[in-house]
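**Q**
Here's what the structure looks like:
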């Protein structure tokens, strides 16, 4: 709560007779020329100025922002609210529940541990596609979801009753980011403070990197690790450097053959190439008004794929039309418009805004594209897709891989399954399911295909998982559901499904053929992530595509296909049918959208958003201030973070005699590090569950078991595609265990436990862009719990570096231009790191000395850069982590 107003910014805004306390940006000279995103940050600082964490100097530094300067000023940003999905949200609530017990142990009151900012959790990551291609699929999948996740859901219901200002959206309502923009986002927030009604910009961080979808409606926010989210819920500001802001000018209009998905894949490629890690991207210019809100949300959603912190659109008439369409109350709509215009947050294309860097895209130049086979930024123009696939597939097959294998299905289907076969075609992910233009285009393409007598190939697992029930409503009104279903595209659930690895198993005969012959089959999804090993354990190559192209690839049945020159099949008269013959006419698509979408669909769907169905309402819910942990639970367990903790911090120490747990290359993502997707019974996590009486069929996914640290630690660095360079030609979660003679191969978890028992600290060596991808707190939590004291890489992506510090792991960087390989390190060395103890004196050393002793007695020495970038991060590291820091703060009050 603010106690200082050095600039006299506090004032009153009258909206139709209702008065709101606001902090006027006009109080600061220069504020009017700031980018939209920095104006929001500036208001945040004005409102939270306390003379200590937020000072006059911080506020002036932001108001007088130099667009040319490299970021060097740390500010404390206090988000207005926090949003979570259930995979990342469960550990947050587990940690809060554990903190309630820990604060009692330190002599405090458990009730003090409460969200101090509004927190909402949407259960959307748990539904898997077990049943598909039939009318009962959605009910069957939801029944299985509740059977698998009942313990977690009971725990979340307890949290909803135990914690103040915490709400849960039950399963079956939609995907968190779509629910956020369609209902939860306020755009301008209000809160009673000291008896006065205060209005301020909606800012929101989330435990999923695609929180940036809200940037499309002018809400500043981004994905943070669960650890940062917990701190934000508990009133801790987020330390950040005032960023550079990239101005991205949009001109022209999307051509008839292209879609919003093609636009976003083009922007992703452009921004990755330009380099925007750690920067804000802001869209501006005359062309902004021509970008529909759904397209803005799709672009904002993909911000993590370009690497930017946020990718934001300002507030304008398009925003207001969307708020009206989605049924926001009139008083809220009036407040948003009045506040935005008063504070200079309303988009004026004539205004001369200063940016750090500039980019431009003429939308008329966008062409149909896909992206793959393993990264979102690897865009492929559709007319080059066949040739690119034929080149790339060579990396996924060996000399022994046959070109195809015969498959006989139990139901009588027989076919040859070839390398490149599309085994999964999934319309999934909030990126696209929130966008009526591409969702309706998929339905119209399906109708046109059915009219021509085309069918999906028999080996394709087809599915639609809408991001909200509104999609189903407008599909039903349009009358196009039967056409989608005729091609096997039945609604399978309301959740992320395939996009986060919940594609469910391939049919057993197909899976067996793939495994027996080591075939390189593919998936095509309208998602935002296609990293290796993410979509399905049997599928090596994954491609992102627009929803209509997902349907088209289900018809083609293979990635080895040229849509321009090869027919998809024949019509009833034997004429060849090409993609161009069934491609939807954008004018017709827009007409169907206009005729099918109504405000009542939003108000009806969201009117009972927190109520849930019979399954949710009939769950037995525990009560009480603290949670009664079930010692038999394999889903929710009390983590060890606060064991033996005292009010006094222990001094940080240098690292001596450390061994390398993994030596990794470039672009190691949090998907490679963090447990995600399904796992087998011969893995450490599988063995643990079997030992605890869980049958293989009930394993569920890593994500669903994020509340159990025993499962998660065993799955850390266990991705099936991770390549540890300590081993030759081996993929998966393996390393060398140097506690044993000769350093034999062992599972990462087993080796780490042996090191822990022997008192040997661990380090991880990495390359460029270490930790890119989704914000996954378990990538840091698992690293810490395995006994890793430091990670040394060439560069980091923002969230993971911050999360490592939040879990007490030291992030270091090789000297500029150097790498493990250039320094001659092969991972067999013993490492010592000195200079860390300087942190005990309240200073953060710029570098520390690393000495790597080789087996032959020689040494390699270098000065590693310490990537503790802010004083706040140094405080967290000195306390052993962010949670320990917050807990000590709360207990001392």
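Residue numbers (UniProt numbering): 1 to 893. Glycine included, every Cβ here is placed at the ideal spot set by N, Cα and C. Bear in mind that the values here come from a model prediction, so they are computed numbers and not experimental data.
Would you call residue 358 buried or exposed, if buried means 16 or more other Cβ atoms sit within 10 Å of its Cβ?
**A** Residue numbering aside, residue 358 sits at position 358 when the chain shown is read from its first letter. With fewer than 16 other Cβ atoms within 10 Å, it is exposed.
**Q** Buried or exposed, going by whether 16 or more other CB atoms sit within 10 Å of the CB of residue 180?
**A** The count along the chain shown starts at 1 and reaches residue 180 at position 180. Answer is buried; the Cβ neighbour count reaches 16.
**Q** According to DSSP, simplified to helix, strand and coil, what is residue 247?
**A** The sequence position of residue 247 within the chain shown is 247, counting from 1. Residue state, collapsed to three classes: strand.
**Q** Just how far apart, CA to CA, sit residue 435 and residue 792?
**A** As a first step, residue 435 is located in the chain shown; it is residue number 435 there, counting from the start. As a first step, residue 792 is located in the chain shown; it is residue number 792 there, counting from the start. Approximately 41 Å, taken between the alpha carbons.
**Q** Considering only C-alpha positions, which residue in the set 254, 495, 175, 876 is nearest to residue 239?
**A** For the purposes of this step, residue 239 is identified with residue 239 of the chain shown, where counting begins at 1. Nearest option by C-alpha distance: 876.
**Q** Candidates 62, 20, 21: which alpha carbon is nearest residue 40's?
**A** Here residue 40 refers to the residue found at position 40 of the chain shown. The candidate whose alpha carbon is nearest that of residue 40 is 62.
**Q** Do residue 257 and residue 287 have their C-beta atoms within less than 8 Å of each other?
**A** Walking along the chain shown from the start, residue 257 turns up at place 257. Walking along the chain shown from the start, residue 287 turns up at place 287. Cβ distance not < 8 Å, so residue 257 and residue 287 don't count as in contact.
**Q** Would you say residue 424 and residue 536 are within 8 Å of each other, going by their C-beta atoms?
**A** As a first step, residue 424 must be located in the chain shown, where it is residue number 424. As a first step, residue 536 must be located in the chain shown, where it is residue number 536. Yes.
**Q** By the DSSP assignment, the beta strand (DSSP E) with residue 542 in it spans what residues?
**A** Start at 1 with the first residue of the chain shown, and residue 542 comes out as number 542. Here the beta strand (DSSP E) through residue 542 covers 541-544.
**Q** Return the CA-CA distance between residue 297 and residue 124, expressed in angstroms with no decimal places.
**A** Within the chain shown, numbered from 1, the residue matching residue 297 stands at position 297. Within the chain shown, numbered from 1, the residue matching residue 124 stands at position 124. Approximately 18 Å, taken between the alpha carbons.
**Q** If you draw a straight line from the C-alpha of residue 768 to the C-alpha of residue 703, how long is it?
**A** In the chain shown, residue 768 corresponds to position 768, counting from 1. In the chain shown, residue 703 corresponds to position 703, counting from 1. In a straight line, the C-alpha of residue 768 is about 26 Å away from that of residue 703.
**Q** Starting from residue 63, trace the alpha helix (DSSP H) in both directions and tell me its first and last residue.
**A** Here residue 63 corresponds to residue number 63 of the chain shown, with the count starting at 1. Looking at the DSSP string, the run of the alpha helix (DSSP H) that includes residue 63 is 56-63.
**Q** If you count every other CB in all the chains shown that lies within 10 Å of the CB of residue 617, and 16 or more means buried, which is it?
**A** Your numbering for residue 617 matches position 617 in the chain shown. Result: exposed.
**Q** Taking a contact to mean a Cβ-Cβ separation below 8 Å, would you say residue 142 touches residue 122 in this structure?
**A** In the chain shown, the residue the question calls residue 142 occupies position 142. In the chain shown, the residue the question calls residue 122 occupies position 122. No.
**Q** Among the candidates 675, 372, 643, whose CA atom is the shortest distance from the CA of residue 531?
**A** Residue 531 sits at position 531 when you count from the first residue of the chain shown. Among 675, 372, 643, the Cα nearest to that of residue 531 is on 372.
**Q** Find the nearest neighbour of residue 405 within the set 477, 461, 521, judged by alpha-carbon distance.
**A** The residue labelled residue 405 in the question sits at position 405 within the chain shown. Nearest option by C-alpha distance: 521.
**Q** Please report the straight-line C-alpha distance between residue 250 and residue 344, rounded to a whole angstrom.
**A** Within the chain shown, numbered from 1, the residue matching residue 250 stands at position 250. Within the chain shown, numbered from 1, the residue matching residue 344 stands at position 344. Straight-line Cα distance between these residues: approximately 21 Å.
**Q** Just curious, the beta strand (DSSP E) that residue 418 is in, first and last residue?
**A** On the chain shown, position 418 is the one that residue 418 refers to. Its beta strand (DSSP E) spans residues 414-418.
**Q** Put residue 793 into one of helix, strand or coil per three-state DSSP.
**A** Taking the first residue of the chain shown as position 1, residue 793 is located at position 793. Here residue 793 sits in strand by DSSP.
**Q** For residue 603 versus residue 518, is the C-beta spacing smaller than 8 Å?
**A** As a working mapping, residue 603 is identified with position 603 in the chain shown. As a working mapping, residue 518 is identified with position 518 in the chain shown. Going by C-beta atoms, residue 603 is not nearer than 8 Å to residue 518.
**Q** Within the chosen definition, does the region 551-566 reach the region 370-387 through at least 3 CB pairs nearer than 8 Å?
**A** Yes, they touch.
**Q** With H, G and I counted as helix, E and B as strand and the rest as coil, what does DSSP make of residue 1?
**A** Residue 1 sits at position 1 when you count from the first residue of the chain shown. Its pLDDT being 46, under 50, residue 1 is placed unreliably by the model, and nothing is read from it.
**Q** Just the C-alpha distance for residue 308 and residue 212, rounded to the nearest angstrom, thanks.
**A** By one-based count along the chain shown, residue 308 stands at place 308. By one-based count along the chain shown, residue 212 stands at place 212. Straight-line Cα distance between these residues: approximately 10 Å.
**Q** Cβ of residue 574 within 8 Å of Cβ of residue 460?
**A** Walking along the chain shown from the start, residue 574 turns up at place 574. Walking along the chain shown from the start, residue 460 turns up at place 460. No, Cβ-Cβ distance for residue 574 and residue 460 is not below 8 Å.
**Q** Have a look at residue 799 and residue 223 and give me their C-alpha separation to the nearest angstrom.
**A** On the chain shown, residue 799 is found 799 positions in, with the first residue counted as 1. On the chain shown, residue 223 is found 223 positions in, with the first residue counted as 1. Spanning the two alpha carbons is a distance of roughly 8 Å.
**Q** Give me the Cα-Cα distance between residue 105 and residue 96, rounded to the nearest whole angstrom.
**A** Counting from 1 along the chain shown, the entry for residue 105 is found at position 105. Counting from 1 along the chain shown, the entry for residue 96 is found at position 96. Cα-Cα distance, rounded: 14 Å.
**Q** Kindly confirm or deny that the region 675-688 and the region 475-486 touch, where touching means at least three C-beta pairs closer than 8 Å.
**A** Flag = no, the region 675-688 and the region 475-486 do not touch.
**Q** Where residue 65 and residue 280 are concerned, what is the direct C-alpha to C-alpha distance, given to the nearest angstrom?
**A** Against the chain shown, residue 65 aligns to sequence position 65. Against the chain shown, residue 280 aligns to sequence position 280. Spanning the two alpha carbons is a distance of roughly 14 Å.
**Q** Would you tell me roughly how many angstroms separate the C-alpha atoms of residue 1 and residue 28, rounded to the nearest one?
**A** What you label residue 1 is simply residue 1 of the chain shown in a count that begins at 1. What you label residue 28 is simply residue 28 of the chain shown in a count that begins at 1. Legend: pLDDT at residue 1 = 46, less than 50; position of this residue unreliable, value from coordinates given subsequently. Approximately 21 Å, taken between the alpha carbons.
**Q** Counting C-beta neighbours from all protein chains within 10 Å, is the total for residue 12 16 or more, i.e. buried, or is it exposed?
**A** For this step, residue 12 is matched to residue 12 along the chain shown. Counting Cβ neighbours within 10 Å, residue 12 comes out exposed, since fewer than 16 surround it.
**Q** On the CB-based measure, 16 or more other CB atoms within 10 Å of its CB, does residue 614 come out buried or exposed?
**A** To locate residue 614, count along the chain shown from 1; it is residue 614. Its Cβ having fewer than 16 others within 10 Å, residue 614 is exposed.
**Q** Whole angstroms is fine: what's the gap from residue 342's alpha carbon to residue 33's?
**A** Position 342 of the chain shown, counted from the first residue, corresponds to residue 342. Position 33 of the chain shown, counted from the first residue, corresponds to residue 33. When rounded, the distance between both Cα atoms is 15 Å.
**Q** Could you tell me how far apart the beta carbons of residue 547 and residue 438 are, in whole angstroms, since I believe they sit closer than 8 Å?
**A** Residue mapping note: residue 547 aligns to position 547 of the chain shown, counting from 1. Residue mapping note: residue 438 aligns to position 438 of the chain shown, counting from 1. That belief holds up - the Cβ atoms of residue 547 and residue 438 are roughly 5 Å apart, short of 8 Å.
**Q** Cα-Cα, which of 194, 99, 208, 340 is closest to residue 201?
**A** Your numbering for residue 201 matches position 201 in the chain shown. It is 340 whose Cα lies nearest to the Cα of residue 201.
**Q** Would you mind working out which of 48, 72, 332 sits nearest residue 243, comparing C-alpha positions?
**A** Residue mapping note: residue 243 aligns to position 243 of the chain shown, counting from 1. Minimum Cα distance to residue 243 is reached at 72.
**Q** Can you give me the start and stop residues for the alpha helix (DSSP H) that residue 448 sits inside?
**A** Indexing the chain shown from 1 puts residue 448 at position 448. 436-451 is the extent of the alpha helix (DSSP H) around residue 448.
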